[in-house]
Structure formats: structure tokens, C-alpha cells
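Novice: Before I ask anything, here is the structure I am working with.
Residue numbers (full-length UniProt numbering): 1 to 441.
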């Protein structure tokens, strides 16, 4: 079994037989994803991310780069763990590889365990081998389905990660999406965008067209490929995504009914602030504690961003206030809308959610409710910036400095002025990371 998954042990060229690599080569649109894992022994890297976000493809591309760079093929071990029942079977796989490399005279390896969360109590096998010192000269890369985060299993390795990193792989950001269509535009942080967007207003018509596509398709690889081949996301792609989420809910022993009702509340009240009590009372999600639990589950599955109100004087969150809830990609909105029987948010609300999702990968994010609402407040280099998303006519001057919030920008559909930036131009120029490192203790 392990030989079948590692054909490069026979010849590095045989990596082309890997299903993910074949699908990547045959795709009508391709982009390279570099996982910024540590490749210095000893490292334990853990990669989170939603289903179908492209983790397995990124791993195979990493292996291809290692082989092309001269790494001993026998020192690169890949295993997809989705057919294993429990930690005992996983440990037998690891034991077989360790014996194989001992006989081959390999002293250091890159060991990739894909979908490692499938076997029950998988972490017991990995921890046992780490504590034995079996991997002291190795690099481990573990990827999981959503449940690796939801169960808190990444936190079961205190003091055992060495030089490794914890990474979250997100859907494709808009700045990368536009490049698939041949649009080249410089990118930077929010300050860079505000200072430079006027220079690229000539690209706005094309970017606006692409942004409409993005709000319909999102940044999940299969959805993007569907768009390039069919002009729309297929029902199969949406059903596969929802089915994988449903499977994870079952494995986590959570209620699919409560999960769907929570999702429905978030979709129907998109861009509005509301409470856990509203989710519980108006949508039937058990008690308030239950509603908190299912919102937390969506966050741990990297499907949702919860935005708290901010105290403009201290810059601190106000957890007792109402909150805003944003699903993290248009594809998630559209797939979940069909699943729960709700109409997807309109264009303006989807645009606000996209702005929030992109900013959240770069900055701490809040909102302000004080004599009116500021959609978002981003902490930019220690400063608080108000970000108001307005798809209607912009009327500037309504906001002045409030506490620590000294600067406000308006995000429009297509208007441009000082501190008024069209959403397509903002997100195309914002250097939003595809993979984000999570700092842990």
C-alpha cells in the first residue's frame, strides 16, 4: 500500500501517476500554491483548511519540488490516511516506512500524512513516535480535514512541534483570482492600496467584471475550474462540498439540523449585527449556549468569521455587544444557501462579506456601532481604520475621528475619490495571503 502511494521511490518521474498531480496538469486553469512549511529537522507542521481548498494538491506540488531539487526519493514519504480505521493502523504504516528507510540507509525524511484526521485517535500514533525519537531528524507535515481544528487536536502536541508551523490554507483571494484572467496589478497592504489605487483606475471596468464572477464563483479550486470549463459552478461541486461538511458534522457527533439552522441565520441576516440569542430564539437552535457552540464550530471549521464590536477609545473588543457573522467565501454562501433553502445575500452584502474575509486574513477586525454603524474596523499597524462598504451613492463627511479611529475609508461599487475605493480595485490590490500562519504557544 505505501509503495503504491510513493511511486517516485522507483523513479522521480512517476510522480506524474499521482491522481492529484494528473488532475492538476489536466486542469484548464492552474496556479502554484507554496505551503510555507518548515523543511528543517526537526519540524512538525500542521496544515488546516476547509474541504476541497486544495491542500492535497499543494502537498503533491511540494513533493515534486523536493524531488526536482535533488532530495533522495526514498526520503520523501506520502500517505493518504483516509482509508485507515484508527491509530493502530496508522502506527503500522509508520512502522513499515521507518523499517523501509532503515534498510535503504535514509537518515532524514520528509513525512507527509494527508487527511491524518480520518483514523480514530490518530494523534496517539504520531505522539508515540515523536516521544520515541523516531522523527528527530525528520520533517513531518500533517494535513487534516476540518476536524483537526474542530477537535483541537493540533493543540495535543505541546513542546513537540520543533521548528514546525501551524498553517491555514484559505480559498483563493481575489488578487490571485484576477491573475488567472491575465490581469497584472501591484499588491500591498491596506495603506499601500489607499496610497496607490488612483493609478490603476483604468483597470476598473475589467476588475468589476471579474469581481462579479468572483462573487458568483468564489475561490475554491473546483469551483474556479468549473467556471473556466462551464461558465458556472456545477451542482456536483456544490453537493460534494456540502456532503463533506455533513460528513464532518457526523464524525464530530454534532446535530446537522442545528448546524443548518445556524447557517440559515447567518445567511438571512448577512451584514447585520445580531446575537446568539437571536439564533437560538428566532431559528430554533436550542439554547443560547447551543447557538454559541454551533457558531464556534463554524469558526473552527474555517468557514466563518465572527466580528465583535470595538470600543473606539480603548481599541478592545466588546464581547457583550451584538456581533456580525461572515462566511469566508462566496462559494460557501452559494453552496450553503442551496443546502438550507435560503436565498443567497444580494450583491452588496456579498461584497461586504468578501471585504471582511480578505481583511481578516491580514488584520484584527471589528465593527463600530456608535450613532450609526461602521461596517468594519481594521487594526492597521497599531492604528484603527474604519472601513465602510457602500454599494449605493457615497456621501462622505458623515464620519469624523472617534477615539482611536482616526481614519475612515469608503468601499464602493465603482465610485472613486479620496478615500473612496471601488471594492474590485481594493481587493485586487490587497496582498491577501492564500496560506496564513497561526501563531501558537
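We treat Cβ as the ideally placed atom computed from N, Cα and C, and that holds for glycine.
State the start and end residues of the unbroken alpha helix (DSSP H) segment that holds residue 265.
Specialist: Element bounds for residue 265: 256-268.
Novice: Could I get the ranges of all uninterrupted alpha helix (DSSP H) runs contained in the UniProt domain "AAA+ ATPase" (41-167), with 4 residues as the minimum, in chain order?
Specialist: 55-68, 87-104, 122-132 and 147-150
Novice: Based on the DSSP output, what are the partners of residue 411 in its beta bridges?
Specialist: In the DSSP output, where bridge partners are listed per residue, residue 411 has 389 and 421.
Novice: Who pairs with residue 317 in a beta bridge, going by DSSP?
Specialist: 310
Novice: What residue does the beta strand (DSSP E) around residue 367 start on, and which one ends it?
Specialist: From DSSP, the beta strand (DSSP E) with residue 367 extends over 365-369.
Novice: Under the rule that 16 or more other beta-carbon atoms within 10 Å means buried, what is residue 338, buried or exposed?
Specialist: exposed
Novice: Are three or more beta carbon pairs between the region 248-267 and the region 334-353 nearer than 8 Å?
Specialist: yes
Novice: Would you please state the rounded distance, in angstroms, between the beta carbons of residue 48 and residue 144? I believe it to be under 8 Å.
Specialist: 7 Å
Novice: Once you ignore the five residues that flank residue 119 on each side, which residues in its own chain have a CB closer than 7 Å to its CB?
Specialist: Within the same chain, residue 119 has close Cβ partners 81, 84, 85, 86, 87, 89 and 90.
Novice: Look at the alpha carbon of residue 61 and the alpha carbon of residue 20, and state the distance between them as a whole number of angstroms.
Specialist: 9 Å
Novice: So, at 8 Å on beta carbons, what are the nonlocal neighbours of residue 408 in its own chain, with the 5 sequence-adjacent residues on each side left out?
Specialist: 374, 385, 386, 387, 388, 399 and 419
Novice: Provide the residue(s) that pair with residue 438 in DSSP beta bridges, ordered along the chain.
Specialist: 166
Novice: Could you say which of 31, 127 and 73 lies nearest to residue 94 if we only look at CA atoms?
Specialist: 127
Novice: Between 412, 285, 393 and 188, which lies nearest to residue 424 when the distance is taken from Cα to Cα?
Specialist: Residue 412 is the option with its Cα nearest to residue 424.
Novice: Please report the residue range of the alpha helix (DSSP H) in which residue 358 lies.
Specialist: 347-360
Novice: So, does the CB of residue 322 fall closer than 8 Å to a CB anywhere in chain C?
Specialist: The question asks about chain C, but that chain is absent: this structure has only one protein chain.
Novice: Our contact map puts residue 491 next to residue 171 with C-beta atoms below 8 Å; I'd like the distance itself, whole angstroms only.
Specialist: Residue 491 falls outside the range modelled here, since the chain spans only 1 to 441, and no answer is possible.
Novice: Which two residues bound the contiguous alpha helix (DSSP H) that contains residue 296?
Specialist: 288-300
Novice: Less than 6 Å between C-beta atoms, sequence neighbours within five positions excluded: which residues of the same chain meet that for residue 226?
Specialist: So the list reads 233, 234 and 237, once near-sequence residues are dropped.
Novice: I think residue 64 touches residue 15, with their Cβ atoms under 8 Å apart; what is that distance to the nearest whole Å?
Specialist: Going by Cβ atoms, the distance from residue 64 to residue 15 rounds to 6 Å, so yes, they are a contact pair.
Novice: Kindly list the residues whose CB is nearer than 7 Å to the CB of residue 187, restricted to its own chain and excluding five residues on each side of it in sequence; keep chain order.
Specialist: 175, 429, 430 and 431
Novice: Output needed for residue 37: all residues of its chain with C-beta closer than 8 Å, excluding positions within five of it in sequence on either side, in chain order.
Specialist: Contacts found: 43, 45, 47, 62, 139, 141, 164, 165 and 167.
Novice: Whose C-alpha, out of 368, 224 and 302, is nearest the C-alpha of residue 321?
Specialist: 368
Novice: Residue 421 to residue 116, Cα distance in whole Å?
Specialist: 43 Å
Novice: Go through its chain and collect everything with a Cβ distance to residue 53's Cβ below 8 Å, but skip five positions before and after it.
Specialist: 169, 170, 171, 220 and 221
Novice: Report the three-state DSSP secondary structure of residue 380 (helix, strand or coil).
Specialist: Correct three-state label for residue 380: strand.
Novice: Taking the alpha-carbon positions, what's the residue 382 to residue 370 distance?
Specialist: Distance from the CA of residue 382 to the CA of residue 370, rounded to the nearest whole angstrom, comes to 21 Å.
Novice: Taking residue 215 as part of the alpha helix (DSSP H), name the residues at either end of that continuous run.
Specialist: 204-217
Novice: Considering only the beta carbon of each residue, do residue 312 and residue 403 sit closer than 8 Å?
Specialist: yes
Novice: The alpha helix (DSSP H) spanning residue 281 covers which residue range?
Specialist: 276-283
Novice: What are the start and end residues of the alpha helix (DSSP H) that includes residue 23?
Specialist: Unbroken alpha helix (DSSP H) run through residue 23: 19-26.
Novice: Among all the DSSP beta bridges, which residues are the ones paired with residue 405?
Specialist: 384 and 402, per the DSSP bridge assignment.
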